[in-house]
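So the sequences go chain by chain: A and B. Here the first sequence is numbered in the working numbering, starting from 270 and rising by one per residue. Here the second sequence is numbered in the working numbering, starting from 2 and rising by one per residue. Even for Gly, the Cβ is constructed at its ideal location relative to N, Cα and C. Below is one structure, written out as structure tokens, with a few remarks after it.
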Amino acid sequence: MTVPQTAVASDFATLMAEIQRVGREIIEPASQDVDAAARFPREGIDALRDLQLLSAYVPEELGGMGLDIIQIGKICETLGHYCASTAMVFAMHQIQVACIVHHARGSLYFEDFLRQLIDKQFLIASATTELGVGGDLRSSLCAVEVEGDRFRLVKKAPVISYGAFADQILVTSRRAPDAASSDQVGVLVHKSDFELEPISSWDTLGFRGTCSSGFVLSSQGSTDQILPIPFDDVLSQTMHPFSHIVWSSLWLGIATDAVNRARAYVRAEARKNPQLPPASSMRLAETDIVLYGMRNNVHAMAADYARLLLENDPAAFRSFGFATRTNNLKLSSSTLVVDIVGRAMLICGISGYRNDSKFALGRHLRDAYGAALMVNNDRILGHNATMLLALKES
Amino acid sequence: MYVEKVRDIVAQHGRLSVQVGELANDSDLYSAGLTSLATVGLMLALEDGFEIEFPDSMLSRKTFGSIASLAAAVEELAGKTVSV
Chain A
270 MTVPQTAVAS
280 DFATLMAEIQ
290 RVGREIIEPA
300 SQDVDAAARF
310 PREGIDALRD
320 LQLLSAYVPE
330 ELGGMGLDII
340 QIGKICETLG
350 HYCASTAMVF
360 AMHQIQVACI
370 VHHARGSLYF
380 EDFLRQLIDK
390 QFLIASATTE
400 LGVGGDLRSS
410 LCAVEVEGDR
420 FRLVKKAPVI
430 SYGAFADQIL
440 VTSRRAPDAA
450 SSDQVGVLVH
460 KSDFELEPIS
470 SWDTLGFRGT
480 CSSGFVLSSQ
490 GSTDQILPIP
500 FDDVLSQTMH
510 PFSHIVWSSL
520 WLGIATDAVN
530 RARAYVRAEA
540 RKNPQLPPAS
550 SMRLAETDIV
560 LYGMRNNVHA
570 MAADYARLLL
580 ENDPAAFRSF
590 GFATRTNNLK
600 LSSSTLVVDI
610 VGRAMLICGI
620 SGYRNDSKFA
630 LGRHLRDAYG
640 AALMVNNDRI
650 LGHNATMLLA
660 LKES
Chain B
2 MYVEKVRDIV
12 AQHGRLSVQV
22 GELANDSDLY
32 SAGLTSLATV
42 GLMLALEDGF
52 EIEFPDSMLS
62 RKTFGSIASL
72 AAAVEELAGK
82 TVSV
């Protein structure tokens, strides 16, 4: 696997300032309509395309920005301040890019694809879950049917987030019709070569703009589009850790924005009576501790993963210790985001509960609950429970 | 002497997609459907069957890759030298 080089820090500070501008001027103004209509956050994703951010993780030697996981996490966190759905679409896209960047170098097809990604700013979705196996990523029913140098693949996917708006979809499937359910590959299919037949809609409490509807995906293509290493390795080295870091980052963004609103509310209260600190200031002080812990967890795991990528030891990613730590981040941050937004709501009181207030926190709270549910915590906790039976030391 | 008992335990606890009888001692168990999570049940059964403990450093794909590699690991942990 190959690790992208780190961009120069000062360039990154400039880039972050641009992202904050886009967040304030484009993404946040659209967020209410995205949420109300459960529609794709088109203006936000287009603005990120204009900043060339859909190829941000492509290494510099291929012409990309070469940002690292810490920087991608920081961008997801910042986007989470403005619109969680936009941040989630961006985060999920980066996961697919990372799978290709880490595991398909040396493939002429995928290197050419990454160059086109820079030029055309494609949006890549993912089809992992499947009707019949549910959310078990390590099990597939569908299979790649190869004939000569072409393949056909049909997958009944209960969820393909923003599938209807994607230029490509990275699909997991069995390697061949006679392969075991766990013998999987990742296949990149192009919009011109796939059809999506809708099987379910997406009308949820939160993350309404991810448009995570279900489809029967029918696709075909060249066998070059099959990732050259088993999906098990792609998952353990990239998809699993990268996903939990970028998701936790954007949940941190939701939590931070909620606390920022609570801070503004407490300040306004304090100005009314400067002699006596408002009761809510104590609640804010307590909430700040929880937010601090959440932020440290997220940043520590991103740094841990960045270090492991540099060490480039595939066995380290496959260890139960690394897998449980990664899961711990997901379990902890998906729970903390609900806790923190709830605390911010209590601080802002009726002003946070109202939808027509500048302290409104309804969307934050609805989005926050998705963190534990959209990839179910019970399954992850169960995996950790199993792995911990084998581990002798923590 | 280890390899036959290891075979029995793999058959019972490996959750493979093929019959263990169809596998050679050096066949890749992961290709035969062994998953990372299934190695835990397999490990516990081997620990119980041979009265051994796998250290964390041996919980690797190398150890669980084949019946032969498992038998070698069991042999090492049981502290005996018997050809497998």
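#### Entry: Per-residue DSSP class, three states only, for A:Pro467
Residue mapping note: residue 467 of chain A aligns to position 198 of the first sequence, counting from 1. In the structure shown, A:Pro467 sits in a strand (DSSP, three-state: E or B).
### Message
Quick test of the definition: if touching needs 3 or more C-beta pairs under 8 Å, does the region 38-48 of chain B touch the region 5-23 of chain B?
### Response
yes
### Query
Going along chain B in order, which residues have a C-beta closer than 7 Å to the C-beta of A:His652?
Numbered from 1 along the first sequence, position 383 holds the residue referred to as residue 652 of chain A. Here the neighbours are Leu38.
### Message
Mapping the DSSP letters down to three states, classify A:Asp533 as helix, strand or coil.
### Response
As a working note, residue 533 of chain A is residue 264 in the first sequence. Per the sequence shown, the amino acid found at residue 533 of chain A is Ala instead of Asp. Here A:Ala533 sits in helix by DSSP.
### Message
Could you compute how far the alpha carbon of B:Glu23 sits from the alpha carbon of B:Leu30?
### Response
On the second sequence, residue 23 of chain B is found 22 positions in, with the first residue counted as 1. On the second sequence, residue 30 of chain B is found 29 positions in, with the first residue counted as 1. The alpha-carbon atoms of B:Glu23 and B:Leu30 are separated by roughly 11 Å.
### Span separating the alpha-carbon of B:Ser37 from that of A:Asp405
Within the second sequence, residue 37 of chain B is the residue found at index 36, counting from 1. Within the first sequence, residue 405 of chain A is the residue found at index 136, counting from 1. So the alpha carbons of these two residues sit roughly 13 Å apart.
### Query
For A:Ile369 versus A:Leu392, is the C-beta spacing smaller than 8 Å?
For the purposes of this step, residue 369 of chain A is taken as the residue at position 100 of the first sequence. For the purposes of this step, residue 392 of chain A is taken as the residue at position 123 of the first sequence. Their beta carbons are not under 8 Å apart, which means A:Ile369 does not touch A:Leu392 by this criterion.
#### Entry: Strand pairing of A:His459, partner residues [DSSP]
One-based indexing of the first sequence puts residue 459 of chain A at position 190. For A:His459, which the question treats as bridged, DSSP gives the partners A:Gln437.
### Task
Measure from the C-beta of B:Gly34 to each C-beta in chain A and report whether the shortest distance is under 8 Å.
The count along the second sequence starts at 1 and reaches residue 34 of chain B at position 33. Yes, its Cβ sits closer than 8 Å to a Cβ of chain A.
### Query
Cβ of A:Ala367 within 8 Å of Cβ of A:Ile438?
As a position in the first sequence, residue 367 of chain A is number 98, starting the count at 1. As a position in the first sequence, residue 438 of chain A is number 169, starting the count at 1. It is not a contact, given that the beta carbons lie outside the stated cut-off.
### Message
Mapping the DSSP letters down to three states, classify A:Val644 as helix, strand or coil.
### Response
Counting from 1 along the first sequence, the entry for residue 644 of chain A is found at position 375. A:Val644 falls in the coil class under three-state DSSP.
### Query
Should A:Thr283 go down as buried or exposed, given a rule of 16 or more other Cβ atoms within 10 Å for buried?
Against the first sequence, residue 283 of chain A aligns to sequence position 14. It counts as exposed.
### Query
Does DSSP put A:Ile344 in a helix, a strand or coil?
Position 75 of the first sequence, counted from the start, is the residue given in the question as residue 344 of chain A. Note: A:Ile344 maps to helix in three-state DSSP.
### Message
I'd like to know whether the C-beta of A:Gly455 is nearer than 8 Å to at least one C-beta of chain B.
### Response
In the first sequence, counting from the first residue as 1, residue 455 of chain A sits at position 186. No, because no Cβ of chain B sits closer than 8 Å to the Cβ of A:Gly455.
#### Entry: Under 9 Å from the C-beta of B:Ser61: neighbouring residues of chain A
The sequence position of residue 61 of chain B within the second sequence is 60, counting from 1. Going along chain A in sequence order, the residues near B:Ser61 (Cβ under 9 Å) are Ala584, Arg587 and Ser588.
### Query
What did DSSP end up calling A:Phe420 once you bin it into helix, strand or coil?
Reading the first sequence from its first residue, position 151 is the one you call residue 420 of chain A. Reduced to three states, the DSSP call for A:Phe420 is strand.
#### Entry: Backbone secondary structure at A:Arg564 - three-state DSSP
Reading the first sequence from its first residue, position 295 is the one you call residue 564 of chain A. Here A:Arg564 sits in helix by DSSP.
### Query
Shorter than 8 Å from the beta carbon of B:Val75 to some beta carbon of chain A?
Here residue 75 of chain B is taken as the residue at index 74 of the second sequence, counted from 1. For B:Val75, the answer is no, since every Cβ of chain A falls outside 8 Å of its Cβ.
### Message
Let's see if you can read the secondary structure: which residues bound the beta strand (DSSP E) around A:Val485?
### Response
Against the first sequence, residue 485 of chain A aligns to sequence position 216. Element bounds for A:Val485: Gly483 to Ser491.
### Message
At the 8 Å Cβ level, is A:Arg407 part of the contact set with chain B, yes or no?
### Response
For the purposes of this step, residue 407 of chain A is taken as residue 138 along the first sequence, with counting starting at 1. Yes, A:Arg407 counts as interfacial toward chain B.
### Task
Please go through the same chain and pick out, in chain order, the residues whose beta-carbon is closer than 6 Å to the beta-carbon of A:Leu577, but skip the five residues on each side of it.
Taking the first residue of the first sequence as 1, we reach residue 577 of chain A at position 308. Result list for A:Leu577: Ala585, in chain order.
### Message
With H, G and I counted as helix, E and B as strand and the rest as coil, what does DSSP make of A:Ile429?
### Response
Here residue 429 of chain A corresponds to residue number 160 of the first sequence, with the count starting at 1. Of the three classes helix, strand and coil, the one that applies to A:Ile429 here is coil, per DSSP.
### Task
Give the DSSP-derived three-state secondary structure of A:Ile498 in the structure shown.
Position 229 of the first sequence holds residue 498 of chain A. Of the three classes helix, strand and coil, the one that applies to A:Ile498 here is coil, per DSSP.
### Task
Output, in sequence order along the chain, the residues in the region 441-452 of chain A whose CB is closer than 7 Å to any CB in chain B.
Ala449, Ser450, Ser451 and Asp452
### Query
Any Cβ of chain A within less than 8 Å of the Cβ of B:Met2?
Position 1 of the second sequence holds residue 2 of chain B. By this cut-off, B:Met2 is not an interface position.
### Within chain A, partners of B:Val11 - CB distance below 7 Å
Here residue 11 of chain B is taken as the residue at index 10 of the second sequence, counted from 1. Within 7 Å Cβ-Cβ: nothing; B:Val11 doesn't reach chain A, min ~15 Å.
#### Entry: Unbroken beta strand (DSSP E) run spanning A:Ile393, endpoints
If you number the first sequence from 1, residue 393 of chain A lands on position 124. Ile393 to Ala396 is the span of the beta strand (DSSP E), which, as asked, contains A:Ile393.
### C-beta atoms of A:Val515 and A:Cys345 nearer than 8 Å
One-based indexing of the first sequence puts residue 515 of chain A at position 246. One-based indexing of the first sequence puts residue 345 of chain A at position 76. Yes, the pair counts as a contact, with Cβ atoms nearer than the cut-off.
### Task
State the CB to CB distance for the pair A:Asn566 and A:Ser601, rounded to an integer number of angstroms; the pair is presumed to be in contact (CB under 8 Å).
Here residue 566 of chain A corresponds to residue number 297 of the first sequence, with the count starting at 1. Here residue 601 of chain A corresponds to residue number 332 of the first sequence, with the count starting at 1. The Cβ separation is near 6 Å, so the contact holds.
### Task
With a cut-off of 8 Å on the beta carbons, I'd call A:Leu331 and A:Leu323 a contact; round off their distance for me.
The residue given as residue 331 of chain A occupies position 62 in the first sequence. The residue given as residue 323 of chain A occupies position 54 in the first sequence. About 14 Å separates the two Cβ atoms, so there is no contact after all.
### A:Arg443 - partner residues in DSSP beta bridges
Indexing the first sequence from 1 puts residue 443 of chain A at position 174. In the DSSP output, where bridge partners are listed per residue, A:Arg443 has A:Ala412 and A:Gln453.
### Task
Give the single residue among A:Val291, A:Ala307 and A:Asp625 whose Cα lies nearest to the Cα of A:Gly313.
To locate residue 313 of chain A, count along the first sequence from 1; it is residue 44. Checking every option, the nearest Cα to that of A:Gly313 belongs to A:Val291.
#### Entry: Proximity test, Cβ basis, 8 Å: A:Lys425 and chain B
Residue mapping note: residue 425 of chain A aligns to position 156 of the first sequence, counting from 1. Judged by the 8 Å Cβ criterion, A:Lys425 is not in contact with chain B.
#### Entry: Entirely enclosed alpha helix (DSSP H) segments - the region 347-390 of chain A, minimum 4 residues
353-372 and 377-389
### Query
How would you call A:Leu422, buried or exposed, if buried means at least 16 neighbouring beta carbons within 10 angstroms?
On the first sequence, residue 422 of chain A is found 153 positions in, with the first residue counted as 1. Answer is buried; the Cβ neighbour count reaches 16.
### Query
What residues in its chain sit with their C-beta under 7 Å from that of A:His362, if we drop five residues either side in the sequence?
Taking the first residue of the first sequence as 1, we reach residue 362 of chain A at position 93. Counting only Cβ-Cβ distances below 7 Å, and skipping sequence neighbours, we find Leu323, Leu392 and Ile393.
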